[in-house]
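Trainee: Shown below is the structure under consideration.
There are 2 protein chains.
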Amino acid sequence: MDNNLDHFFAAMADPTRRAVIARLTQGAAPVSDLAAPHDMALPSFLKHLKKLETAGLVRTIKTGRVRMVALEPAKLAEAEHWLSRQRRIWEDRLERLDALALTLEADDGTTERRPDP
Amino acid sequence: MDNNLDHFFAAMADPTRRAVIARLTQGAAPVSDLAAPHDMALPSFLKHLKKLETAGLVRTIKTGRVRMVALEPAKLAEAEHWLSRQRRIWEDRLERLDALALTLEADDGTTERRPDP
DNA sequence: CAGATTGTTATCCATGTGGCTAAGTAACAC
DNA sequence: GTGTTACTTAGCCACATGGATAACAATCTG
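Those protein sequences? They're chains A and B, same order as listed.
Under my numbering, the first residue of the first sequence carries the number 1, and numbering increases by one thereafter.
Under my numbering, the first residue of the second sequence carries the number 1001, and numbering increases by one thereafter.
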């Protein structure tokens, strides 16, 4: 799940790739349809697709000469939960700091760093 | 908010940087404390910090010769919401497709592509 | 079969990224 | 004020990334 996140975030760090994701929320589409709005050569675009696939964000099936591409929503959910978890830990901590500040009221000012080591 | 996401996701696409984020959920810390567990030279580590700061994930204040680093939880929330939105659009669509499939029951099989252009 | 469509593979190139060392600056601590 | 601490800046290097073109392969269509 670690190298996993590497690929996921790297995949999302490009506007072309995010646009593809957004497009795919409208439904599955063949490669050339997906490529059309992006002013670049097909091979370049294929590299982007490949990264989305490697990251597990997208699933593809080739039938005849057409390759259909569809979203893999489970991956979006996974990353969303990772972020949510980090944020919750942080926010819980802020709350505890607030509580501490209230109980101690007048302290020496070192409250910001390592309240409970 | 676009170039914004570029920086955010790029920042998260590195295990060192994600480790720093995770560490910071335990509370703010000075640069060298953050750097200690990562087997690399300080200047290398500073580049990572810089990216986190550019992405708006982290806020730093220098007092004396020490620079304290703290998390900016709003940014985590922002990205989380972006992901959540994409996923919801997709899941709503899946539901609509299911409904469509149920009402039409015996169709010609083209239901997957462009149900409502 | 001939030709057009739709990908795919192989290179190539410029730029960005992640690591390093060396040398500099600005507080502290004594 | 000397020395140590805690960054900071500058410059170097290997490799990844995002783009391109050219040429190939595998379906359809007529």
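The beta-carbon is built from N, C-alpha and C at its ideal position, and this holds for glycine as well.
#1: Which of the three DSSP states is assigned to residue 1016 of chain B in this structure?
#2: Considering only residues of the same chain and omitting the five flanking positions on each side of residue 1089 of chain B, which have a CB-CB separation below 8 Å?
#3: Checking contacts by CB at 8 Å: is residue 77 of chain A closer than that to chain B?
#4: Taking residue 67 of chain A as the reference, give the member of A:31, A:78, A:39 and A:85 with the closest Cα.
#5: Got a sec: is the Cβ-Cβ distance from residue 67 of chain A to anything in chain B below 8 Å?
#6: At a CB-CB cut-off below 7 Å, which residues of chain A make contact with residue 1009 of chain B?
#7: DSSP three-state label for residue 37 of chain A, please.
#8: I need the straight-line Cα distance from residue 1017 of chain B to residue 1052 of chain B, nearest angstrom please.
#9: Residue range of the alpha helix (DSSP H) that residue 60 of chain A falls in?
#10: Could you confirm whether any beta carbon from chain B is found closer than 8 Å to the beta carbon of residue 20 of chain A?
#11: Which bits of chain B does residue 73 of chain A rub up against, with CB to CB less than 9 Å?
#12: Would DSSP call residue 1099 of chain B helix, strand or coil?
#13: Chain B partners of residue 25 of chain A, CB-CB under 7 Å?
#14: By how many angstroms is the C-alpha of residue 10 of chain A removed from the C-alpha of residue 4 of chain A?
#15: Should residue 1083 of chain B be flagged as near chain A, meaning a C-beta pair shorter than 8 Å?
#16: Measure from the C-beta of residue 1005 of chain B to each C-beta in chain A and report whether the shortest distance is under 8 Å.
Mentor: With the structure as the only source:
#1: Residue mapping note: residue 1016 of chain B aligns to position 16 of the second sequence, counting from 1. Note: residue 1016 of chain B maps to helix in three-state DSSP.
#2: Walking along the second sequence from the start, residue 1089 of chain B turns up at place 89. Excluding residues within five positions, none has a Cβ falling inside 8 Å.
#3: Mapped onto the first sequence, residue 77 of chain A falls at position 77. Residue 77 of chain A counts as touching chain B.
#4: Numbered from its first residue, the first sequence carries residue 67 of chain A at position 67. Minimum Cα distance to residue 67 of chain A is reached at A:31.
#5: Sequence index remark: in the first sequence, residue 67 of chain A carries index 67 (1-based). Not one chain B Cβ lies under 8 Å of residue 67 of chain A.
#6: Here residue 1009 of chain B corresponds to residue number 9 of the second sequence, with the count starting at 1. Residues of chain A passing the Cβ test: 9, 12 and 13.
#7: To locate residue 37 of chain A, count along the first sequence from 1; it is residue 37. Correct three-state label for residue 37 of chain A: coil.
#8: What you label residue 1017 of chain B is simply residue 17 of the second sequence in a count that begins at 1. What you label residue 1052 of chain B is simply residue 52 of the second sequence in a count that begins at 1. Each residue's Cα considered, the two are about 7 Å apart.
#9: Counting from one through the first sequence, the residue named residue 60 of chain A turns up at place 60. Premise fails: residue 60 of chain A lies in the beta strand (DSSP E), 58-63, not in any alpha helix (DSSP H).
#10: Counted from its first residue, the first sequence places residue 20 of chain A at position 20. Output row for residue 20 of chain A: interface = no.
#11: Working through the first sequence from its first residue, we reach residue 73 of chain A at position 73. Correct list: 1086, 1087, 1090, 1091 and 1094.
#12: Counting from one through the second sequence, the residue named residue 1099 of chain B turns up at place 99. Residue state, collapsed to three classes: helix.
#13: What you label residue 25 of chain A is simply residue 25 of the first sequence in a count that begins at 1. What residue 25 of chain A touches in chain B: 1086, 1089, 1090 and 1093.
#14: By one-based count along the first sequence, residue 4 of chain A stands at place 4. By one-based count along the first sequence, residue 10 of chain A stands at place 10. Roughly 10 Å separates the two Cα atoms.
#15: For the purposes of this step, residue 1083 of chain B is identified with residue 83 of the second sequence, where counting begins at 1. True, the Cβ-Cβ gap to chain A drops below 8 Å.
#16: Against the second sequence, residue 1005 of chain B aligns to sequence position 5. Output row for residue 1005 of chain B: interface = yes.
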